[in-house]
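Under UniProt numbering, read the sequence shown as residues 1 to 172, first letter to last. For every residue, glycine included, the Cβ atom is placed at its ideal position computed from N, Cα and C. What you are looking at is a predicted structure, and each value in this text was computed from that prediction instead of being measured. A quick write-up on the structure given underneath.
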Amino acid sequence: MIADQTARTGRTTPGVTGGRAAVADWIGTAARVGLAVVWGWAGFAKIGDPEAAAQAVRAYRLLPEALVKPFGYGLPFLEMALALLLLVGLGTRIAAGISALLLLVYIGSIASVWARGISIDCGCFGGGGAVSASKTAYLQEILRDLGFLVVAGWLLWRPRSRLSLDGLLAAP
Numbered sequence: 001m002i003a004d005q006t007a008r009t010g011r012t013t014p015g016v017t018g019g020r021a022a023v024a025d026w027i028g029t030a031a032r033v034g035l036a037v038v039w040g041w042a043g044f045a046k047i048g049d050p051e052a053a054a055q056a057v058r059a060y061r062l063l064p065e066a067l068v069k070p071f072g073y074g075l076p077f078l079e080m081a082l083a084l085l086l087l088v089g090l091g092t093r094i095a096a097g098i099s100a101l102l103l104l105v106y107i108g109s110i111a112s113v114w115a116r117g118i119s120i121d122c123g124c125f126g127g128g129g130a131v132s133a134s135k136t137a138y139l140q141e142i143l144r145d146l147g148f149l150v151v152a153g154w155l156l157w158r159p160r161s162r163l164s165l166d167g168l169l170a171a172p
C-alpha cells in the first residue's frame, strides 16, 4: 500500500503507513467536504440578504460603523469561496487555515458579546441581531465552532484527501 502511495504521489505521509494512510485520506475527504458544507450553508443563508448580514455584524458592536457593511456584505462571499475550494479540494491547507482564522474570530466574537451581556443571535447561518436573553445560545455556538475548528485543524495538519484537485495536481 505504501509503495502504491509513493508511486502514485511521489511522497509518503510521515508517521502514517499502509492502511492507516488510506483511512487518514478518507478522514481528510470527510473533513474537507463537511467543512465545505458548513461554509456553503452559512454563506448561502446570508448572501441573499446582505443588509441582514450587515445587521448581524453590527449587533456584535465590535467594528466601527464604516466597516460594518464591507464585512457584512463580504463575509458570505468569503464563506462561499471557502466552501468551493474545500469541496473541490483545491488549496486545501490554505482554505483550512483561513477557515481556522475565521472560526477563531467567530468564537472570540461570540465570547465577547456573551461576556459583555449583549443578547444577540449570532447570525452564523443567516439572520442575526438583537434577541431576548432567553434566546441566546452562546455556549452551544462556541462548542459548535470549536468542533469546526478541530476539523479545520485536521486539514491544516493533514490536507491530503481523496477526490481532490490538490491530489490530481500533485500526481506525476
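Could you say which of the options lies nearest to residue i if we only look at CA atoms?
i    : options                   : result
F125 : K46, V37, G117 and V33    : K46
L103 : R158, V151, D166 and A24  : V151
I98  : S161, D166, F148 and L163 : F148
A81  : F44, R116, A66 and G117   : F44
A56  : G127, I142, A137 and D49  : G127
L75  : P159, R116 and G40        : G40
L35  : A96, V23, K69 and L67     : A96
G167 : R144, V37, G91 and V131   : G91
L169 : S112, V88, A21 and Y106   : V88
V131 : D121, Y138 and Q140       : D121
D49  : L163, V33, Q140 and Y73   : Y73
L143 : G19, L156 and A111        : A111
R32  : A137, L85, K135 and A22   : L85
For residue i, count neighbouring C-beta atoms within 10 Å of its own C-beta (all shown protein chains included) and say buried if the count is 16 or more, exposed if not.
i    : result
I94  : exposed
S161 : buried
L101 : exposed
W26  : exposed
G19  : exposed
W157 : exposed
Could you please give the first and the last residue of the uninterrupted alpha helix (DSSP H) stretch that includes residue i?
i    : result
G89  : Run containing G89: none; DSSP gives neither H nor E here.
I142 : Y138 to W157
A59  : P50 to A59
G167 : L165 to A170
Suppose the cutoff is 7 Å on Cβ atoms and the five residues either side in sequence are ignored; what does the same chain contact list for residue i look like?
i           : result
S109        : Y60 and L62
residue 183 : Absent from the model: residue 183. The displayed extent of the chain is 1 to 172, so no value can be given.
Which same chain residues, not among the five before or five after residue i, have their C-beta less than 6 Å away from its C-beta?
i    : result
K69  : A54
Y106 : D145
Leaving out five residues on either side along the sequence, give the residues of the same chain with a beta carbon under 8 Å from the beta carbon of residue i.
i    : result
L165 : V88, G89 and L90
A115 : none
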